[in-house]
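Visitor: Let me begin by handing over the structure; questions about it come next.
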Amino acid sequence: CYAQQGMEEMWDKSSMAKEHPNIQWFKEAKFGLFIHWGLYSQLAGTWDGKHYYGSGEWIMHQAKIPVNRYREVAGSFNPVNFNADEWAQLAKDAGIKYMVITAKHHEGFSMFDSRVTDFDIMDATPYKKDPMKALAAATRKRGIQFGFYYSQFQDWYEPNGGRNTWDFDESKKDYQQYYRQKAIPQLKELLTNYGPLGIVWFDTPGGMTKEQTQAFIDELRVLQPQSLFSSRVGQGLGDYKDFGDSEVPPVPIKGAWESIYTHNDSWGYIAHDMNFKSAHEIIRLLSNVASKGGNLMLNVGPDGKGNIPYYSIKYLKETGVWLQKNGESIYASTAGWIPAQPWGVTTSKPGKLFLHVWDRPENELLLVPGFSNAITKVYALTDKKPLSFQQRDGDLIVNMNALPETHTPDKVLVVEYKGTP
Ligand code: FHN
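Residues -3 to -1, 1 to 418 in mature numbering (1 follows the signal peptide of the UniProt record, and there is no 0) are what the sequence shown lists, from first letter to last.
In structure tokens, the structure reads:
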């Protein structure tokens, strides 16, 4: 599947040596919201009476929908329920620190006001407003970094764009012409008309050498030098590493990086996909990614009317409630220096180790192997209740008996210690 291509690409680790000067906010953010929203959201996983499952945003490709018929979808795309403040407030309530939304996905449709094409939300739909303008403002107003996803190579609408083989002959394509005539001018619009962007999130690179990719970056970079470019710009370049979709590295990784998951089984809205991760699962995913030193960017797929799915709202808000009480163990943390244990994972801050207890031991004695530093305090993060502990043969044993049984997916204990681990 083309969706898999490009993600396994090696990221040039040497670029970590010269970190982007604006990388710190990203390293501390830990939790981002990804939004896939486009004409595919209107189709909701069904074309000509046939139901598709998996990646809803790939329906044009899956059903080999000709460009002229796909364009007709825009005629009924009218997201009257879209409310930028509600979306941004949901992100805020969920404890989200950055948001990245699809300005243009592989389908080639521009969800913003673009002068480069008339296949955009202003010209081709009855909506005739720019939702990205409103969302950028509402998000920033709440102190959340805002960014755009842009599919720089795959564009199934354009004769010279990548990977529409059912309308256009791939061997006759001039990718450079597509880059010059659409991708670069549109990225310039996005980097000019929407205020300071935290991130430009590229995806599935193609059709450019390393030198061409560097020139592409340089041409865009001057417009907003503070903006971070994701590693899927290709050729091992970019300011931070994105792992493959739904991938968490098995061991801690240094430098700035991100794991990308979607809330159910699809990135774009599919009406018949109810396989949502519960708040419980989101919280464990988040602490797991943080325990390896990275950020989690979790995707939601709003429908064609502009509604975020009910279960995404519900579970994101529940995640936010947990983060309000336990955020200290996640935001601005670094990888835990004690590796994953049968009971859960760890995150760190100077002088503090956070124990994320997913599975409380039956005998209430939590073993933290390899912990010989002098300890000043051990307590539960939410109520600061001190816990008794022993250090024996280089291990730490915390007695959880004094804590009431709670139904939290992740009970965080704090170990305050002296010296360096
Ligand atoms: O092909 C896309 C896919 O539709 C989706 O946008 C994901 C999100 O990371 N990226 C690509 C595959 O890696």
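Just so you know, even glycine gets a beta-carbon here, dropped at the ideal spot from N, CA and C. Quick caveat: nothing in here was measured; it's all calculated off a predicted structure.
Give the DSSP-derived three-state secondary structure of residue 394 in the structure shown.
Guide: What you label residue 394 is simply residue 397 of the sequence shown in a count that begins at 1. Residue state, collapsed to three classes: strand.
Visitor: If we count the other Cβ atoms within 10 Å of its Cβ and call it buried at 16 or more, is residue 127 buried or exposed?
Guide: Walking along the sequence shown from the start, residue 127 turns up at place 130. By the 10 Å Cβ count, residue 127 comes out buried.
Visitor: Do the CB positions of residue 102 and residue 33 come within less than 8 angstroms of each other?
Guide: Looking up residue 102 in the sequence shown gives position 105. Looking up residue 33 in the sequence shown gives position 36. It is a contact, given that the beta carbons lie within the stated cut-off.
Visitor: Determine the DSSP secondary structure at residue 330, reduced to helix, strand or coil.
Guide: As a first step, residue 330 is located in the sequence shown; it is residue number 333 there, counting from the start. Reduced to three states, the DSSP call for residue 330 is coil.
Visitor: Quick one: is residue 398 buried, meaning 16 or more other Cβ sit within 10 Å of its Cβ, or exposed?
Guide: Along the sequence shown, read from residue 1 onward, the residue named residue 398 stands at position 401. Exposed, by the Cβ-count rule.
Visitor: Using the Cβ count rule (16 or more neighbours within 10 Å means buried), how would you classify residue 369?
Guide: Translated into positions along the sequence shown, residue 369 becomes position 372. Classification of residue 369: exposed, given that the 10 Å Cβ count is below 16.
Visitor: If we ignore side chains and look at the alpha-carbon of each, how far apart do residue 379 and residue 323 end up?
Guide: Here the question's residue 379 lines up with position 382 in the sequence shown. Here the question's residue 323 lines up with position 326 in the sequence shown. Cα-Cα distance, rounded: 7 angstroms.
Visitor: Please report the straight-line C-alpha distance between residue 170 and residue 231, rounded to a whole angstrom.
Guide: The count along the sequence shown starts at 1 and reaches residue 170 at position 173. The count along the sequence shown starts at 1 and reaches residue 231 at position 234. Their Cα atoms are separated by approximately 20 angstroms.
Visitor: Excluding sequence positions up to five away, which residues of its chain have a Cβ less than 6 angstroms from the Cβ of residue 19?
Guide: Position 22 of the sequence shown, counted from the first residue, corresponds to residue 19. Correct list, in chain order: 223.
Visitor: How would you write the range of the alpha helix (DSSP H) that residue 318 sits in, first residue to last?
Guide: Position 321 of the sequence shown, counting from 1, holds the residue named residue 318. Its alpha helix (DSSP H) spans residues 307 to 323.
Visitor: May I ask whether a heavy atom of the ligand FHN can be found less than 7 angstroms away from the beta carbon of residue 102?
Guide: Position 105 of the sequence shown, counted from the start, is the residue given in the question as residue 102. It does: the Cβ of residue 102 is within 7 angstroms (strictly closer) of some heavy atom of the ligand FHN.
Visitor: Following a CB-centred definition, is residue 326 positioned closer than 7 angstroms to any heavy atom of the ligand FHN?
Guide: Residue mapping note: residue 326 aligns to position 329 of the sequence shown, counting from 1. Not under cutoff, so the answer is no.
Visitor: Compare the beta carbon distance of residue 420 and residue 108 with 8 angstroms and say whether it is the shorter of the two.
Guide: Not covered by the structure: residue 420. The range shown for the chain is -3 to 418.
Visitor: Is any heavy atom in the ligand FHN found nearer than 7 angstroms to the beta carbon of residue 257?
Guide: Counted from its first residue, the sequence shown places residue 257 at position 260. The answer is yes for residue 257.
Visitor: The alpha helix (DSSP H) with residue 59 in it runs from where to where?
Guide: In the sequence shown, counting from the first residue as 1, residue 59 sits at position 62. Its alpha helix (DSSP H) spans residues 56 to 59.
Visitor: How about residue 36 and residue 70: are their beta carbons less than 8 angstroms apart?
Guide: Within the sequence shown, the letter at position 39 stands for residue 36. Within the sequence shown, the letter at position 73 stands for residue 70. Taking 8 angstroms as the cut-off, the Cβ atoms of residue 36 and residue 70 count as close.
Visitor: Which residue or residues does DSSP assign as beta-bridge partners of residue 266?
Guide: Reading the sequence shown from its first residue, position 269 is the one you call residue 266. Residue 266 is not bridged to any residue.
Visitor: Enumerate, from N- to C-terminal direction, the unbroken beta strand (DSSP E) stretches of 3 or more residues contained entirely within the segment 233 to 289.
Guide: 238 to 242, 254 to 259
Visitor: Would you say the beta carbon of residue 260 is closer than 7 angstroms to some non-hydrogen atom of the ligand FHN?
Guide: On the sequence shown, position 263 is the one that residue 260 refers to. Outside the cutoff, so no.
Visitor: Take residue 360 as the anchor and find which of 395, 75, 208 has the nearest alpha-carbon.
Guide: Walking along the sequence shown from the start, residue 360 turns up at place 363. It is 395.
Visitor: Write down every uninterrupted run of the alpha helix (DSSP H) in the segment 353 to 402 whose length is 4 residues or greater and which is fully enclosed by it, in chain order.
Guide: none
Visitor: I'd like the ranges of any beta strand (DSSP E) spanning at least 3 consecutive residues and lying wholly in the segment 163 to 232.
Guide: You should have 196 to 199.
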